[in-house]
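Single-structure report; data block below.
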Amino acid sequence: MGARGRPAEVSELVAQEDGATRALRQIDGGARTLLVLGGAGTGKTTFLHELRKMPRGRQVFLAPTGVAALQLGGQTIHSFFGIPPRILNPDEVKPRVQVRRLLKKLDRVIIDEISMVRADLLDTVDRALRISRDNSEPFGGVQMVLVGDFLQLPPVVPLAEQDMLSRMGYEGPFAFHAKALAEQELARAPFLTVHRQSDRAFIAHLANLRRGERMRETLEAINAACVRPHRPGPQPVLLTPTNARADAYNQRGLANLAGEAREFGGVLKGEFGLEGDRLPVPERLVLKPGARVMTLRNDPARRWVNGSVGTVVGIGAHSAMVRLDSGSTVEIESFTWERIRYGWDEPSGRIDVQVVGAYTQLPLVPAWAMTMHKAQGLTLEDVRIDFDNGCARLGLPFQNRRAPRLKAARGPAGSGEVMP
20 MGARGRPAEV
30 SELVAQEDGA
40 TRALRQIDGG
50 ARTLLVLGGA
60 GTGKTTFLHE
70 LRKMPRGRQV
80 FLAPTGVAAL
90 QLGGQTIHSF
100 FGIPPRILNP
110 DEVKPRVQVR
120 RLLKKLDRVI
130 IDEISMVRAD
140 LLDTVDRALR
150 ISRDNSEPFG
160 GVQMVLVGDF
170 LQLPPVVPLA
180 EQDMLSRMGY
190 EGPFAFHAKA
200 LAEQELARAP
210 FLTVHRQSDR
220 AFIAHLANLR
230 RGERMRETLE
240 AINAACVRPH
250 RPGPQPVLLT
260 PTNARADAYN
270 QRGLANLAGE
280 AREFGGVLKG
290 EFGLEGDRLP
300 VPERLVLKPG
310 ARVMTLRNDP
320 ARRWVNGSVG
330 TVVGIGAHSA
340 MVRLDSGSTV
350 EIESFTWERI
360 RYGWDEPSGR
370 IDVQVVGAYT
380 QLPLVPAWAM
390 TMHKAQGLTL
400 EDVRIDFDNG
410 CARLGLPFQN
420 RRAPRLKAAR
430 GPAGSGEVMP
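Heads up, the sequence shown is in the working numbering, so the first residue is 20 and it goes up one at a time.
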């Protein structure tokens, strides 16, 4: 044990974050199902990286969508368990032989973005583990670590499927409505401290928005700070509710630029279907000098982060020179995203991680605008928000913790004020 009783292997980075330290202790202490919940910027991603590095048994990292699985370095829940992407009756689950072989060997399943996981999907996971392990305990006795924020993106459940879930006895679509969770006492590790912002007043306003408290006072403060002309220099990215709206802004921005366009084609190899999700960056990426772009990967040399915004100032055969809004100019080259599949390697007695597909492209996207959905997981220095047609979808307003500054949150028409 290290200082103050924490496990000696916990790094100093994680030791600074009370939520992460608490979560790791509960995992080591044998918590059967652990909820790791917290808003954006509270250290959940750091915790996941740390959990991956530490030898804590046979574990797999899963996510509900293809893009989330890529960011996590894991596999989708559907592909790992062999589950079709539709409403399922958990009692009808029949895991394939190769899936059962792996599930028998698991010690732990980590699911990220738990807010997007439907109740019936989590119950299907529970049923598959019980059957495969011949164990009637919840999740077949496997330790479950469920990570995310139920005040961000909800499950995608069309109206017809909501009726189906109701007929199946579910009170709602969220993972916390799953029947498997009602059968056990859940451990909790709340992540409460926001590390991404330093402005305590701004943090308090975001917390109020998140909880729906002191709304008039909070919105007055936000409007006072945001409804005004933007600072000199490049405009920040505009967050919109829909892909169509973001695409229209980006196409208009590129068309308004003079100069020769250059197209970069992404290269797909092997199995890289994302179950209906978009690719992490466009397969056809068109750039011009002056184009506003955003990076979608962290730089190993730490020159930029996932979400850094800048302007294209030069274009090479296989790279782009980008002047970041932070002031530095960097060369951004192609990056390869890998899609993995977990398996069981009997000779070594270990979980095998096989790369089954790859996608290579410049890790850039147009940054005049992007959807609020795509902004989840990014660190944006400052943003504008398109509220012109309203923003009713649950979870969208709470993603603003990703922006250290909200300099100009205004719609493209009207006063731009956010009204209670």
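Ideal Cβ positions, reconstructed from N, Cα and C, are used throughout, including at glycine.
- In whole angstroms, what is the alpha-carbon distance linking L5 and G326? Nothing can be reported for residue 5: it is not among the residues displayed for the chain, which extend from 20 to 439.
- Query: For E365, which beta-bridge partners are listed by DSSP?
  - Reply: Paired residues: none, contrary to the question.
- Message: Buried or exposed for E352, going by 16 or more other Cβ atoms inside 10 Å?
- Response: Residue burial is scored here from C-beta neighbours: E352 has fewer than 16 other C-beta atoms within 10 angstroms and is therefore classed as exposed.
- Message: Rounded to the nearest angstrom, what separates K72 and L287 at their Cα positions?
- Response: One Cα belongs to K72, the other to L287, and the distance between them is close to 29 Å.
- Throw me the rounded Cβ distance for the A194 and I133 pair, which I believe falls under 8 Å. Right, their Cβ atoms sit about 5 Å apart.
- Query: If you scan the stretch 74-106 from start to end, which runs of the alpha helix (DSSP H) of 4 or more residues do you find wholly inside it?
  - Reply: Complete alpha helix (DSSP H) runs here, min 4: 85-91, 96-100.
- Item | Simplified DSSP assignment, three categories, for K63 | Helix, per DSSP.
- Message: Considering only the alpha carbon of each residue, which of F283, E357, K307, D266 lies closest to M391?
- Response: Ranking F283, E357, K307, D266 by Cα distance to M391 puts D266 first.
- Item | Candidates G309, A339, G284: closest to P301 by CA position | Looking only at G309, A339, G284, the smallest Cα-Cα distance to P301 is reached by G284.
- Query: What does Q380 pair with, by DSSP beta-bridge criteria?
  - Reply: Bridge partners of Q380: F354.
- Task: Give me the Cα-Cα distance between R321 and E350, rounded to the nearest whole angstrom.
- Result: Rounded to the nearest angstrom, the two C-alpha atoms are 13 Å apart.
- Query: Which residues mark the beginning and the end of the beta strand (DSSP E) in which S338 is found?
  - Reply: 338-343 is the span of the beta strand (DSSP E), which, as asked, contains S338.
- Simplified DSSP state of A208, which is helix, strand or coil: Three-state result, A208: coil.
- Can you tell me which of E204, G167, M234, I106 puts its alpha carbon nearest to the alpha carbon of V460? Lying before the first or after the last residue shown, residue 460 is absent from the chain, which here runs from 20 to 439.
- Query: According to the neighbour-count rule (16 or more other Cβ atoms, all chains shown, within 10 Å of its Cβ), is N275 buried or exposed?
  - Reply: Around the beta-carbon of N275, fewer than 16 other beta-carbon atoms lie within 10 Å, marking it exposed.
- Task: With E236 as the anchor, note down where its alpha helix (DSSP H) starts and where it stops.
- Result: Note, E236: alpha helix (DSSP H), 234-245.
- Query: From this set, D139, D218, E282, which residue's C-alpha is nearest V384's C-alpha?
  - Reply: Per the C-alpha coordinates, the member of D139, D218, E282 positioned closest to V384 is E282.
- Task: Measure the beta-carbon distance from L116 to V79 and round it to whole angstroms, keeping in mind my assumption that it falls under 8 Å.
- Result: The sequence given here has Val at residue 116, not Leu. That pair is no contact at about 18 Å.
- Message: Does E69 pass the burial test, meaning 16 or more other C-beta atoms within 10 Å, or should it be called exposed?
- Response: Burial state of E69 is buried, judged by a 10 Å Cβ sphere holding 16 or more other Cβ atoms.
- Query: Between P109 and D131, is the Cβ-Cβ spacing less than 8 Å?
  - Reply: It is not a contact, given that the beta carbons lie outside the stated cut-off.
- Return helix, strand or coil for S347, following the three-state DSSP convention. Correct three-state label for S347: coil.
- Query: By a C-beta neighbour count over all protein chains shown, 10 Å radius and 16 as the cutoff for buried, is N262 buried or exposed?
  - Reply: By the neighbour-count rule (16 or more Cβ atoms within 10 Å), N262 is not buried but exposed.
- Three or more beta-carbon pairs under 8 Å between the stretch 166-173 and the stretch 47-58, yes or no? As far as the Cβ criterion goes, the stretch 166-173 touches the stretch 47-58, which means the pair count is three or higher.
- Residues near H196 in its chain [Cβ-Cβ closer than 6 Å; skip 5 each side]: So the list reads A138, Y189, E190, once near-sequence residues are dropped.
- Item | Limits of the beta strand (DSSP E) - the one that R221 falls within | As written in the sequence, residue 221 is Phe, which differs from the Arg given in the question. Segment 219-230 is the alpha helix (DSSP H) holding F221; no beta strand (DSSP E) there.
- Task: With DSSP as the reference, please indicate the residues paired to V312 in a beta bridge.
- Result: The bridge partners DSSP lists for V312 are G329, P385.
- Item | Opening and closing residue of the alpha helix (DSSP H) in which E180 lies | Element bounds for E180: 178-186.
- Message: Count Cβ pairs between the stretch 330-349 and the stretch 357-374 that sit closer than 8 Å; are there 3 or more?
- Response: No: fewer than three Cβ pairs fall under 8 Å.
- Message: Using a Cβ-Cβ cutoff of less than 6 Å, which residues in the same chain neighbour W363 once the five nearest sequence positions on both sides are dropped?
- Response: Contacts found: R120, L121, K124.
- Task: Along the beta strand (DSSP E) that carries G48, what are the first and last residues, could you check?
- Result: Careful: G48 lies outside any beta strand (DSSP E) and carries neither H nor E.
- Message: By the three-class DSSP mapping on this structure, what secondary structure does A39 have?
- Response: Correct three-state label for A39: helix.
- Can you say whether R207 is buried or exposed, counting buried as having 16 or more other CB atoms within 10 angstroms of its CB? Counting every other CB atom within 10 Å of its CB across the protein chains shown gives R207 a total below 16, marking it as exposed.
- Query: Among Q94, R75, R77, which has the Cα closest to the Cα of P83?
  - Reply: With distances taken between Cα atoms, P83 lies closest to Q94.
- Item | Rounded straight-line distance, which links the Cα of T355 to that of H337 | Computed Cα separation, rounded: 13 Å.
- Message: Among V86, G49, G38, whose alpha-carbon lies nearest the alpha-carbon of D358?
- Response: A quick correction: the sequence has Arg, not Asp, at residue 358. Selection V86, G49, G38 evaluated against R358 yields V86 as nearest (Cα-Cα).
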